[in-house]
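Input: a single structure, listed below in structure tokens.
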Amino acid sequence: MMTTIRASVALAALLGASALSAQTLTISNWDGYMAPDAVGDFTAATGHAAELVLHGTNEEIMGKLIASGGAGYDVVFVSSPFAEILNNLGLAETLDHDRIPNMANLYPQAMELAHDPGNSFSVPYAWGTTGLCYRTDLVAEAPTSWNDLLSPAEDVAGRTTMLATDRWLLAAGMLANGFSVNVTDEDALAQVRDTLIAAKSTLLAYDDTTFYAKLVSGEASLVHAWDGWCNYAIAEDENVVYMIPEEGTDLWVDTIVILAASENKDAAYDFVNYILDAETHGWAAENILYKVPNAPAMAALDPELIAAFPNMGMTPEEMFVFEQLRDVGEAQRAYSRLVTEIMAAQ
Amino acid sequence: MNQRASTALMAPALAWLTALMVVPCLLILALAFFRRGLYGGIEYTFTLENLALVFDPLYAGIFLNSARVAGTAAIIACVIGYAAAYAIAAMPRRHQPMLLFFAVLPFWSNYLIRTYAWIVLLNREGLIVQGARWIGIEGELPPLLYTQGTVIVGLVYSYLPFVILACYAPLSRLNPEIAEASFDLGASSWTTFRRVTLPMTLPGIAVGAVFVFVLSIGNFVTPALLGGGQFQMIGNTIYAQFLTANDWPFGAALSMVLIAIMMGLLFLQTLAVERGSGGRVRDA
Chain Y
1 MMTTIRASVA LAALLGASAL SAQTLTISNW DGYMAPDAVG DFTAATGHAA
51 ELVLHGTNEE IMGKLIASGG AGYDVVFVSS PFAEILNNLG LAETLDHDRI
101 PNMANLYPQA MELAHDPGNS FSVPYAWGTT GLCYRTDLVA EAPTSWNDLL
151 SPAEDVAGRT TMLATDRWLL AAGMLANGFS VNVTDEDALA QVRDTLIAAK
201 STLLAYDDTT FYAKLVSGEA SLVHAWDGWC NYAIAEDENV VYMIPEEGTD
251 LWVDTIVILA ASENKDAAYD FVNYILDAET HGWAAENILY KVPNAPAMAA
301 LDPELIAAFP NMGMTPEEMF VFEQLRDVGE AQRAYSRLVT EIMAAQ
Chain E
1001 MNQRASTALM APALAWLTAL MVVPCLLILA LAFFRRGLYG GIEYTFTLEN
1051 LALVFDPLYA GIFLNSARVA GTAAIIACVI GYAAAYAIAA MPRRHQPMLL
1101 FFAVLPFWSN YLIRTYAWIV LLNREGLIVQ GARWIGIEGE LPPLLYTQGT
1151 VIVGLVYSYL PFVILACYAP LSRLNPEIAE ASFDLGASSW TTFRRVTLPM
1201 TLPGIAVGAV FVFVLSIGNF VTPALLGGGQ FQMIGNTIYA QFLTANDWPF
1251 GAALSMVLIA IMMGLLFLQT LAVERGSGGR VRDA
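Chains as they are written, first to last, in my numbering: chain Y, 1 to 346; chain E, 1001 to 1284.
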């Protein structure tokens, strides 16, 4: 009898475990990029068990996905060039729009993104621009150009930071030289390298994560920033301003991708649909101060929030004059080497 | 203890190291001989390209610069650490354990936190600058943070306790009668130190220096935080190959060369220690 009970308990545990692993949706996102209770609310609303894991960078989650062939994850949040790579590798699910009714909430432009026109393998989650974030009380003359970051005026020299993530670091040099942010021509890249190496002499530091804190503390006066992160500095210091240089910038898009290898497609589609709900998606805009491509969510934003953080009011039309970073394939190696050359230059 | 007993006692440690350290390391190093796929990942075709690329002037230059930074840190740490160890060894015996305890105290806190503490101290609005303003020093101080010098200072700080311990061991074992004999034979204190004490404690210095050098050359946290990302050491390059460029084969090739350098130095260190303890001290 005892044995029978034990065996059935073990069997039940086994069944329970396997049923759970088959049904638990695994989502990977950056820390703090959606509501803390988003996953719990999703489970409560749909009955799908779900678990959130975190990645620090695009490259980190890409390394894991490429090594495992996409196994182990159902839904991932990655920036658009990486979504493109997942698609090129055949790891991204071809989306069935009928299963994501809230797709109708997206702006028309959000269905026409250059990396994935028609959203066949990715759904935009947040978008924005990259520009200059500075302290009006510490900078005598307001910046207008990328060159104001790369070869700053005397009062700003030694008080600038730049993003170190390959694509954005290079983009600053590319734009300053009048190139596309996806340029791969060798001579152009050599020119970009020289510009960025020269810029090191007036740079305080490369910084991807704490630049807004440096701005608030006064360690830096002018930093290379994503608009949403500049908002964190604006929130703490009213002298902080975000601007887009006259040479233009990139339109960055963070996307949601369902993995083709997912065994929880139903739950995965439901999750994407849940995120695109105007209220859920609006939470991100309101709380993490990133623009979301969701028309009703943005329409519902408090005008005071937009007044406090002007870049939240940028329209899709205004952003669409800028080019997206695209997957550059084999040229990514040249980019990586270029960045090493810049970082190692004395 | 017979040989069978010692084998049995050693087996768990050996198994642990082999399964969890040696094998995974070899697996990573083996990647150096394969190609990187277009988007990262590994293509299993044999190649020596990755190892050849290590000797490309760009990467060889990073190795050399890392060696220069690590070497400078090792020399500074040895000068400061030896002096401290000498002073501790000269103290009354009963005070020595307490002083050594203070020397290794920083090890009890997290490395990252200790490094961040330097940022709090040295940044433009940090404690030192504020302190300077408070005592009335006006104007802009030279940048204290995000320079190569800061990286070296950070490395010295982090690894100094190793040198103190390594130098203290031979200094404390030194028989005071040897120095007395030297004085009796007419040598000054400086000559005694230079011709007797220093040579006899050289193995300790060598051990400390190699520790600092080996730990520094592979370090990537300190250059990233205190160098503001502007000074690439080989550890940062390897980190970038694995975690941003997704080029594991090249990262493995760089690691292989780095490990070879480290093992070479540790081998020399062992030789120095053996010579020191086996040779000179016994002769003396």
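We put the CB at the ideal spot given by N, CA and C, even for glycine.
Alpha-carbon spacing of residue i relative to residue j, whole angstroms
i          : j          : result
ALA1147(E) : VAL39(Y)   : Ala is not the amino acid found at residue 1147(E); the sequence shown has Thr there. The alpha-carbon atoms of THR1147(E) and VAL39(Y) are separated by roughly 43 Å.
TYR1082(E) : TRP1118(E) : 24 Å
GLY1041(E) : GLY47(Y)   : 36 Å
THR43(Y)   : SER79(Y)   : 25 Å
THR1244(E) : GLU323(Y)  : 23 Å
LEU149(Y)  : TYR206(Y)  : 12 Å
GLY1264(E) : ASP116(Y)  : 52 Å
ALA1015(E) : SER1006(E) : 14 Å
ILE1152(E) : LEU1185(E) : 42 Å
GLY56(Y)   : THR280(Y)  : 22 Å
SER336(Y)  : LEU1198(E) : 48 Å
ALA171(Y)  : ASN182(Y)  : 8 Å
ALA190(Y)  : TYR274(Y)  : 46 Å
ALA285(Y)  : VAL328(Y)  : 30 Å
ASP74(Y)   : TYR269(Y)  : 10 Å
ALA1077(E) : HIS1095(E) : 23 Å
THR210(Y)  : VAL216(Y)  : 10 Å
ARG1035(E) : LEU1048(E) : 9 Å
PRO303(Y)  : ASP41(Y)   : 27 Å
LEU1064(E) : VAL1221(E) : 19 Å
ARG193(Y)  : ASN105(Y)  : 42 Å
VAL350(Y)  : LEU1112(E) : Because chain Y spans 1 through 346 in this model, residue 350(Y) falls outside it and cannot be assessed.
ILE1285(E) : ILE1261(E) : Examination of residue 1285(E) is not possible in this model, given that chain E is present from 1001 through 1284 alone.
ALA1067(E) : ALA1074(E) : 10 Å
GLY118(Y)  : MET243(Y)  : 30 Å
GLY1136(E) : LEU1127(E) : 14 Å
ASP31(Y)   : SER68(Y)   : 22 Å
Closer than 7 Å at the beta carbon, the chain Y residues around residue i
i          : result
PRO1143(E) : GLY158
LEU1202(E) : The contacting residues do not exist; LEU1202(E) stays about 33 Å from chain Y at best.
CB-CB length for residue i against residue j, believed under 8 Å
i         : j         : result
TYR290(Y) : ALA140(Y) : Contact doesn't hold; Cβ gap of about 31 Å is too wide.
ALA176(Y) : THR160(Y) : Going by Cβ atoms, the distance from ALA176(Y) to THR160(Y) rounds to 13 Å, so no, they are not a contact pair.
ALA331(Y) : THR184(Y) : 4 Å
LEU65(Y)  : VAL76(Y)  : 7 Å
ARG326(Y) : PRO124(Y) : About 15 Å separates the two Cβ atoms, so there is no contact after all.
ALA261(Y) : GLY70(Y)  : 4 Å
VAL339(Y) : ASP166(Y) : 5 Å
Reference residue i, options the options, closest by Cα
i          : options                                        : result
SER1158(E) : LEU1202(E), PRO1106(E), ILE1042(E), THR1237(E) : PRO1106(E)
CYS133(Y)  : HIS55(Y), LEU163(Y), VAL53(Y), ALA334(Y)       : LEU163(Y)
ALA83(Y)   : TRP252(Y), MET312(Y), LEU276(Y), ALA50(Y)      : TRP252(Y)
GLY1218(E) : ALA1181(E), GLN1269(E), ILE1080(E), LEU1254(E) : LEU1254(E)
GLU1125(E) : LEU1027(E), LEU1145(E), ALA1070(E)             : LEU1145(E)
GLY282(Y)  : LYS265(Y), VAL272(Y), ASP266(Y), LEU301(Y)     : LEU301(Y)
GLU51(Y)   : GLU59(Y), GLY63(Y), ARG193(Y), PRO36(Y)        : PRO36(Y)
GLU246(Y)  : ASP187(Y), GLY131(Y), THR94(Y)                 : GLY131(Y)
THR1192(E) : GLY1204(E), ILE1205(E), PRO1176(E)             : PRO1176(E)
VAL1295(E) : TYR1239(E), SER1182(E), PHE1162(E)             : Only positions 1001 to 1284 of chain E appear in the structure, and residue 1295(E) is not among them; the question remains open.
Closer than 6 Å: residue i CB and nearest the ligand GTP heavy atom
i        : result
ALA38(Y) : The ligand content of the structure shown is nil, which means the ligand GTP is not present either.
Proximal residues of chain Y, C-beta to C-beta of residue i below 8 Å
i          : result
GLN1232(E) : THR340, MET343, ALA344
ALA1169(E) : Neighbours of ALA1169(E) on chain Y: none; closest Cβ ~38 Å, over 8 Å.
TYR1116(E) : By Cβ distance, chain Y contributes nothing, its closest Cβ being about 10 Å from TYR1116(E), past 8 Å.
TYR1146(E) : LEU204, ALA205
GLY1235(E) : Residues of chain Y passing the Cβ test: none, with the nearest at roughly 12 Å.
GLU1125(E) : SER217, GLY218, GLU219
Partners in chain E for residue i, counting only beta-carbon separations shorter than 7 Å
i         : result
GLU59(Y)  : LEU1243, THR1244, ASN1246
LEU203(Y) : GLN1230
ASP166(Y) : THR1244
SER262(Y) : In chain order: nothing, as chain E lies at least about 19 Å away.
LEU89(Y)  : TYR1039
Where residue i meets chain E, residues with beta-carbon distance less than 9 Å
i         : result
ASP155(Y) : Here the premise fails: no neighbours, minimum Cβ distance about 11 Å.
GLY329(Y) : LEU1038, TYR1039
Per-residue contacts from residue i into chain E (C-beta, under 8 Å)
i         : result
MET62(Y)  : TYR1039, GLY1040, ASN1246
LEU369(Y) : Not covered by the structure: residue 369(Y). The range shown for chain Y is 1 to 346.
LYS291(Y) : What LYS291(Y) touches in chain E: nothing, since even the nearest Cβ is about 26 Å away.
ILE66(Y)  : GLY1037, TYR1039, GLY1040, GLY1041, ASN1246
- Message: Quick test of the definition: if touching needs 3 or more C-beta pairs under 8 Å, does the region 1238 to 1253 of chain E touch the region 1023 to 1036 of chain E?
- Response: yes
- the region 195 to 209 of chain Y in contact with the region 334 to 345 of chain Y per 3-pair CB rule at 8 Å: yes
- Meets three-Cβ-pair contact criterion under 8 Å: the region 234 to 246 of chain Y and the region 254 to 265 of chain Y: no
- Item | contact_flag[the region 216 to 224 of chain Y, the region 153 to 168 of chain Y] where n(CB pairs < 8 Å) is 3 or more | yes
- Does the pairing of the region 1162 to 1171 of chain E with the region 1034 to 1054 of chain E give three or more beta-carbon distances under 8 Å? no
- Are at least three pairs of beta-carbons, each pair with one atom in the region 1204 to 1220 of chain E and one in the region 1265 to 1273 of chain E, less than 8 Å apart? yes
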